[in-house]
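Enquirer: Okay, here's the structure, questions in a sec.
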Amino acid sequence: MAVNLNIPNFITVAGRKDFARNNLFRVLSLKCRGLELDESDLLYCKGGALPGRNNPTSQVQYHGMKLSYNNSTVDYPGADDYQLKFYCDADSALRKKFEEASRLVFNDVSNTGNWRFPSTDDMITLASLDFNLNPKEYIKLIGVCFKGIDAIDFQAADGDGSAIEITAHFSFLYYRRDGSNTIYSET
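With our numbering as the guide, the letters of the sequence shown map in order to residues 83 to 269.
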C-alpha cells in the first residue's frame, strides 16, 4: 500500500490530531512521607517530565549472531532521580517545606528518621492539559520518596534580580496512567 506523505496530507492530519505542547502540563498533587504540597506550592512548579518506560532485552549468541529478545523486566529511566523545578517564593516557604521533609527522612541532630519503604499513597500526580487548560490525562508516579533539594546560588554583587529556582529530587517505584488498572493480556 502506497503512503502519500505530502504537505497537504500532513496539514490535514496535523489539523485533526494537532500537537502536544510543552506548556500543557501540570503537577496537580505531590504527597510523600513528610511532604505534602498544596495548590499555592504547586503553582510555583515550573514543570516536570513524563517518565520513560523500557522493557530491557537479553541476548543469546548463536552461530556468531547476537540475537536480542525481551525478558520479563521493566525499567523506569530516571526513577531514581526524578526532578521538579520550582520558583522560590519570597519567604522561602516552599524551600523550608523541602528542608523539613529532608529532616523527617533523617534528622542529623537525633540520628532518627523515617526511611521506610514507600507506600502506594506516596505519589505525584501529573496531568497533560487540553487547550482550555483542563486535565485530559493523569499520570501518577507511585511509591515516591523525597531525596533532597539543590543549593541556591545567590549573586549579591552582580545579580540581575531574576527569580530564583529550586530543584527538588524524588525517586519513584513505577507510574501508571489514571484509570489504568487494566490487566494487560498477552494476546
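In this text, a Cβ means the ideal position worked out from N, Cα and C, and glycines have one as well.
Taking DSSP as the reference, what is the three-state secondary structure of glycine 230?
Expert: Glycine 230 falls in the strand class under three-state DSSP.
Enquirer: Please list the terminal residues of the continuous beta strand (DSSP E) segment that includes phenylalanine 252.
Expert: Judged by DSSP secondary structure, phenylalanine 252 falls within the beta strand (DSSP E) whose first and last residues are 247-253.
Enquirer: Comparing C-alpha positions only, which one of Leu87, Asp232, Ile246 sits nearest to alanine 238?
Expert: Ile246
Enquirer: Please classify methionine 205 as buried or exposed, where buried requires at least 16 other C-beta atoms within 10 Å of its C-beta.
Expert: buried
Enquirer: When you compare only the Cα positions, how much space is there between phenylalanine 188 and tryptophan 197?
Expert: 7 Å
Enquirer: Taking DSSP's pairing of strands, which residues face serine 201 in a bridge?
Expert: Bridge partners of serine 201: none, in fact.
Enquirer: Along the chain, where does the beta strand (DSSP E) containing serine 150 start, and where does it finish?
Expert: 147-152
Enquirer: Among the candidates Leu223, Arg135, Gly146, whose CA atom is the shortest distance from the CA of aspartate 157?
Expert: Arg135
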